[in-house]
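Following: one structure in structure tokens, then a few remarks.
There are 2 protein chains.
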Amino acid sequence: QMYSNVVLNLDGDILEHILEKMKESRGVHNDTDLTADDLKELVALFKTKVKEELGHDFPMDPKEQLWGAIGAVFSSWMNARAITYRRLNNIPAEWGTAVNVQSMVFGNMGDDCATGVAFTRDPSTGEDYFYGEYLVNAQGEDVVAGIRTPQPINKDKHKPGDLPAMEDVLPDCYQQLVKIRDILEKHYKDMQDIEFTIEKHKLYMLQTRNGKRTAKAAVKIAVDMVAEGLISEKEAVMRVAPEQLDQLLHPSLDPTAAKTVVAKGLPASPGAASGQVVFSADDAEEAAKIGLKVILVRVETSPEDIHGMHAAQGILTARGGMTSHAAVVARGMGKCCVAGCGDIKVDYASQQFTAKNGLVFKKGDVITLDGSTGEVMQGEVPTVQPELTGEFGQLMEWVDGIRRLKVRTNADTPHDSQVARDFGAEGIGLCRTEHMFFEGDRIMAVREMILAADLDGRKRALDKILPMQKGDFLGLFKVMKGLPVTIRLLDPPLHEFLPHTDEEIDALAKEMGVAAQILKAKVESLHEFNPMLGHRGCRLAVTYPEIYDMQVRAIMEAACELIKNEGYEIVPEIMIPLVGEVKELAILRANAMRIADQVITDYGVKVDYLIGTMIELPRAALTADAIAAEAEFFSFGTNDLTQTTYGLSRDDAGKFLPFYVEQEIYPSDPFVALDQVGVGQLVRMGCELGRKTRPNIKLGICGEHGGEASSVKFCHRIGLDYVSCSPFRVPIARLAAAQAVLEEK
Amino acid sequence: QMYSNVVLNLDGDILEHILEKMKESRGVHNDTDLTADDLKELVALFKTKVKEELGHDFPMDPKEQLWGAIGAVFSSWMNARAITYRRLNNIPAEWGTAVNVQSMVFGNMGDDCATGVAFTRDPSTGEDYFYGEYLVNAQGEDVVAGIRTPQPINKDKHKPGDLPAMEDVLPDCYQQLVKIRDILEKHYKDMQDIEFTIEKHKLYMLQTRNGKRTAKAAVKIAVDMVAEGLISEKEAVMRVAPEQLDQLLHPSLDPTAAKTVVAKGLPASPGAASGQVVFSADDAEEAAKIGLKVILVRVETSPEDIHGMHAAQGILTARGGMTSHAAVVARGMGKCCVAGCGDIKVDYASQQFTAKNGLVFKKGDVITLDGSTGEVMQGEVPTVQPELTGEFGQLMEWVDGIRRLKVRTNADTPHDSQVARDFGAEGIGLCRTEHMFFEGDRIMAVREMILAADLDGRKRALDKILPMQKGDFLGLFKVMKGLPVTIRLLDPPLHEFLPHTDEEIDALAKEMGVAAQILKAKVESLHEFNPMLGHRGCRLAVTYPEIYDMQVRAIMEAACELIKNEGYEIVPEIMIPLVGEVKELAILRANAMRIADQVITDYGVKVDYLIGTMIELPRAALTADAIAAEAEFFSFGTNDLTQTTYGLSRDDAGKFLPFYVEQEIYPSDPFVALDQVGVGQLVRMGCELGRKTRPNIKLGICGEHGGEASSVKFCHRIGLDYVSCSPFRVPIARLAAAQAVLEEK
Ligand SMILES: [Mg+2]
Ligand SMILES: [Mg+2]
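As you go down the protein sequences, you meet chains E and G in turn. With the working numbering applied, the first sequence corresponds to residues 23 to 767, in that order. With the working numbering applied, the second sequence corresponds to residues 23 to 767, in that order.
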């Protein structure tokens, strides 16, 4: 039937129709329900039809059949689908295709026949144990089909009531297989996934290939094989896929525990967590203060929820995609998050949410989230903690001996910084000071600044923020103990600090004691059509220099204090965002130096500091030679650089980006893996131009790509000094950086 | 006093204080009210103070004074302000500065002395007439100060009651001056602006330089001088600043007419117009239908007002900047517009606006706008029409003989296309089909399409739009008579076609017979945070291919019909916007070719067509080699390319862009003059990469830069085939293109 269609080009429906009629007349549903006689009759009908349609007999000579099949494979290379596929994927037509001709063995010729699959080590734990299943008197597809239950090949995993193990039934073949296992592992120097068939007591190997495995197994197998002398340390480092490590770094659900899944959303940030449901950031914070574990459930989150997200064990949102605020922030915190869970309906008024099946969860009810699968479960499901020593620790030691790229972290709090240090971070590559602006009482001072009518008013408000910001930096510097710390000055547009709905505005107006109308007018005047491309970053500071002045003072006072009083060695790195034109940086750098030098003089200590910029706009990359004259370091902000280079808003792309990735219009989500062809070209250009002007300029990356393996390798190849990523991705970046070194040889 | 400050570095306030005290004691206000004796006394006081402050006498030796002054000029090169200025403007310090030492002549030594200024031709009309003014017994500053009224130099402009002309008073000097006029024009081959002084009957020339002139004078002088054999045609072409032409291409206020200015806004689109005030686009259209001239007054305009803007003589808005919707669209239409006029308060409810002085204008009252100055005037002020033949026509004939760049126009209607052809456009470089989506009843069909639940519903709605779109293209092709026409397929995000306020949504829901809730939900689901970077352009067509299918069908049916029935020669150019990745284009081009070829087959005619793309995202420019494989032409969309390269939203930049330009952080508004360093680098790269893949690829530009002189010259230098600009800027682009050729020699 397939031959007629694929080789003879007979319309597939023609024979299918005959088959359907036959099944109908026999009153059966499945092809396999037809008897041998039925099939014989069917074949005769098929042959007649083929002759009728094509004008010649169905070829019965096996050689003729074989040549026909070979010809069909070759000509498939030039069919319309293949041509389109090649055109879209830039595959030259002249490559051609190959044909593999094999003879068949049969595992279903009696009870001295069998078929099976095996892994040379346990693919789940990595244990050095021959792990496999087989079926007597069966073909390969029977193992997969699930009609008969395959049995373990070796008897020690045998449970009462099981059919006998292959070790018992076909001991000679089993022993032969064990020997082959050894030969294959020695030859391929890796765990193998093998398929075999036994035809009348004779063992045939059908296939062997490197076996898929869990992260845990990958690490264990690699480290074990070094100990066994099979592979070198470098080979071991190449054996673990960096992205896999993510599984190892978060708590995960105990695989043996029972669970009741009540909803499913997007697996937005890995890990598992249980806690009582709360519906507001403030509630989360209060509960955390008295030691309760909570899950923050929101329709979606905004920057004002950050303190609650910090306090919670996990975050669940009803709306938003993999790149929504909740998802991005949670990943940054290494906190588990299920986002865009359309299965639940959140009702803030009654403080409850309803799952798809109608089950209602009230404030205080316990749920469990699995951020690696997107599952939401009723009650508490036990979790297991990650194991970062043992084989993992050994592997990472080798990794650190190999890599050239430094790995820093994106962190805004002492807590995150400590987590990152524990994961091996060698400094902070991006501290986003605006996160500090939302915390506690300072948001009120920030709003006071925004609403101030004049410079004096703004300065009065900034004076209130200064000691708090200084405290933030003291905390960070202490945790980082002299490691480099890059602090980015205020970046978002001011309207992000103000409420937007009428009710919120009224409430805030009352709280601040200003007329709601004034507040509303301010919110309106700050409104932007495209905030991503708006009045933010260094543009804010060019028009309101007093904001950065305060921040630079806070940074330098914190550094000077620790240097003077506690003997720290700190070289603060002050980073000015969203520069597109060198003159912006020239002006702001001069301002910053004036303040910094004055603080240094006031403290009477010797302190070095660096002033640099983000390269996150195409124009910055294109004019990096000019910008480098004013910058002591560049940090490539590839999140925004991707948005501007593609003209693609991360907040809005949800409507078509998944479709683009699925259709392979984009090879992958460019916000996950750096687009090396386009965005990467600008990064490379920025490096080259920057070094042309200032050969010793420090170059790093602080977009989320800094923690994605293929992007980290790209950063290595173009010669960056460091990557910076969220704390939980630091080990991934370390591993990728080591692999990049090994791959270039 | 100035010497003490500038040369001796004495604080300026010190002597000023003595002067102020002296004036106070004499009870006078102006320095010039002090008597000679007062001044003598003052000088003595100054000298004493200088000695007291500096410890040495004020230098009285002229040579010493001169050397002091020379030294001060040289050392000014290294002061802080000069250093900063040089750093910001990339001027090398080693250039140094020059000092010019001149001896003085005196025009105020008696009645045989005089001083004056003159233009060798009339700077306002260009007439070959010696135009100048003088004062007997006076120095240069007396002419400028306005205390005495200068007299004409020649007697034929003499009016009764005037003081005698120089021709009468100092006839020998006058004759000498007339001869010098001739010598200078022959030498400099340009109209001169001269300053002269007569000391005791002896004529001294103080200065001569090329004189500033109006556009009209520039054209006339250039063309006359060719006739006089003074300059070549090429030199004449170089003599007129392209931007100046703008003055000549629009009606302007009769300079002799009286006017009452009641408000002032931004000069958003040049020209002058009078008409009755209306407050809605529909009213404008109705009034225009019965032959009334109207001025459309709005708080701001939106795409739904386009038909009213077309119908009106001019547009006045209370809000929005030079790049607001009203300003951009009005410039495109060549219609006068005063935007962002904060002096007026518009009240739609009572159908009136109030000017700053309290004057109220009701619907139907007549006002006049001057879009070149931003003035709003009461009543009708007479205007004069532009003169496009005569010297202007002659100059443009030379221009067209020189230039290599083709000049096309951005036009969406037969009317605009005709205007552009009259201005010399050689095709349409950008027809924005979305403008057609807003007109008349089709907006309802568009909304029906957006609200449709499925593909079938969308197709039904699109079927209604098809004949209307086809009609649009028939109109355009007919006006353009075989010249190239580039049609851009739908570009804006769908939410632009839906209303946004609750009231508008409710009204539309009633009109469409759908539940307001459904409409509201759709509006909400289409909302974007950054629509500029959102689901629009080719991204819409990748997800909803049926929209472009309809548009391609409409284009091809229109073309085939005219070719078949009326013998036209048309090669439609179909342009796909917002491509960032070649696969988008590959998919959409295949779709478009399928439809186009089918229409061609249906009509049974031979038609060529081109499919190309906008290069308007940095990634498109960076990957132009790949994109060129699927594009037969590129049109650089430098508006969007500027927005994405700078990360700068044109709609939001008003808050800081004027400050940036004023502070010279940006050399000019990058939405007006193409940023050659950054954005231009991408354009250049796009050209080079595009030609590498497809050597004969057609290259053009269709951003607003296509009508700005420095940008047009850049386009010439990097080898584009054409520029495209709004109809009224076509002559500017033609002239700039010719100058670009002449400048490269
Ligand atoms: Mg950024
Ligand atoms: Mg565009």
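Here a beta-carbon is modelled for each residue, glycine too, at the ideal position from N, C-alpha and C.
1) What is the DSSP secondary structure of Pro553(E), counted as helix, strand or coil?
2) For Glu603(G), is the beta carbon positioned less than 6 Å from some heavy atom of ligand 2?
3) Tell me the rounded alpha-carbon separation between Ser274(E) and Met615(E).
4) Could you please tell me which residues of the region 567 to 586 of chain E, in chain order, have their CB closer than 9 Å to any CB of chain G?
5) Using a cut-off of 7 Å between C-beta atoms, extract the partners of Met355(E) located in chain G.
6) So with Cβ pairs under 7 Å, would you call Thr645(G) a contact of chain E?
7) Mind checking if Glu550(G) is an interface residue toward chain E, Cβ cutoff 7 Å exclusive?
8) Between which two residues does the beta strand (DSSP E) carrying Glu12(E) extend?
9) Where do the N-terminal and C-terminal ends of the alpha helix (DSSP H) with Pro753(E) fall, by residue?
10) Kindly examine ligand 2 and report whether one of its heavy atoms sits closer than 6 Å to the Cβ of Gly659(G).
11) Starting from the beta carbon of Met554(E), find every residue of chain G whose beta carbon is closer than 9 Å, and list them in chain order.
12) For the beta strand (DSSP E) holding Asn432(G), just list the boundary residues, first then last.
13) What do you reckon, is the C-beta of Gln298(G) under 6 Å from a heavy atom of ligand 3?
14) Closest Cβ-Cβ distance between Arg108(G) and chain E: below 7 Å?
15) Phe414(E) versus chain G: which residues are under 9 Å apart at the beta carbon?
16) Output yes if chain E places a C-beta closer than 7 Å to the C-beta of Gln703(G); else output no.
17) In chain order, what residues of the same chain lie with their CB nearer than 7 Å to the CB of Glu265(E), ignoring the 5 residues before and after it?
18) Just list the alpha helix (DSSP H) runs in the region 399 to 467 of chain E, keeping only unbroken ones of 4 residues or longer that don't cross its boundaries, in chain order.
19) Can Glu461(E) be considered in contact with ligand 2, in the sense that its beta carbon sits closer than 6 Å to one or more heavy atoms?
20) Quick one: is Val699(G) near chain E, going by C-beta distance under 7 Å?
21) Would you mind reading off the limits of the alpha helix (DSSP H) that contains Ile243(E)?
22) Contact criterion: CB-CB distance below 7 Å. Does Thr666(E) meet it with respect to chain G?
23) For Asp691(E), which residues in chain G fall below 7 Å Cβ to Cβ?
24) Would you report the Cα separation of Arg751(E) and Pro515(G), rounded to the nearest angstrom?
25) Within 10 angstroms of its Cβ, does Met188(E) collect 16 or more other Cβ (buried), or is it exposed?
26) Taking a Cβ distance cut-off of 9 Å, strictly less, list which residues of the region 119 to 150 of chain E are near chain G, in chain order.
27) I want to see whether chain G comes within less than 7 Å of Phe678(E), judged by CB atoms only; does it?
28) From what residue to what residue does the beta strand (DSSP E) around Leu721(G) run?
29) Can you list, in chain order, the residues of its chain whose CB lies under 8 Å from that of Tyr682(G), leaving out five sequence neighbours each side?
30) Heavy atom of ligand 2 less than 6 Å from the Cβ of Asp434(G), yes or no?
31) At 7 Å on the CB atoms, spell out the chain G contacts of Arg561(E), in chain order.
32) Would you say Pro599(E) lies against chain G (beta-carbon separation less than 7 Å)?
33) Which chain G residues sit within Cβ distance under 7 Å of Lys367(E)?
34) At which residue ranges does the region 23 to 76 of chain E contain complete alpha helix (DSSP H) runs of 4 or more residues, listed in the order of the chain?
35) Within 10 Å of its beta-carbon, does Gly77(G) have 16 or more other beta-carbons around it, so buried, or fewer, so exposed?
36) Sort Gly154(E), Ser291(E), Ile253(E), Cys724(E) by Cα distance to Ala348(E) and report the nearest one.
Looking at the coordinates:
1) helix
2) no
3) 48 Å
4) For the region 567 to 586 of chain E, which is checked against every Cβ of chain G, not one residue is closer than 9 Å.
5) Neighbours of Met355(E) on chain G: none; closest Cβ ~22 Å, over 7 Å.
6) yes
7) yes
8) Any answer about residue 12(E) is impossible in this case: the structure gives chain E only from 23 up to 767.
9) 752 to 765
10) At a threshold of 6 Å, Gly659(G) counts as near ligand 2, since its beta carbon sits closer than that to one of the ligand's heavy atoms.
11) Phe551, Asn552, Met554, Leu555, Gly669, Ser671
12) 428 to 432
13) Among the ligands present in this structure, namely ligand 1 and ligand 2, ligand 3 is not found.
14) So, not an interface residue.
15) Chain G residues near Phe414(E): none, gap ~38 Å exceeds 9 Å.
16) yes
17) Ala731, Ile754
18) 412 to 424, 436 to 444, 455 to 460
19) no
20) yes
21) 237 to 249
22) yes
23) In chain order: nothing, as chain G lies at least about 13 Å away.
24) 36 Å
25) buried
26) Residues: none.
27) The beta carbon of Phe678(E) falls within 7 Å of a beta carbon belonging to chain G, placing the residue at that interface.
28) 720 to 723
29) Tyr688
30) False, no ligand heavy atom lies under 6 Å from that Cβ.
31) By Cβ distance, chain G contributes Phe678.
32) no
33) Chain G residues near Lys367(E): none, gap ~15 Å exceeds 7 Å.
34) Listed in chain order, they are 24 to 28, 34 to 48, 58 to 76.
35) exposed
36) Ser291(E)
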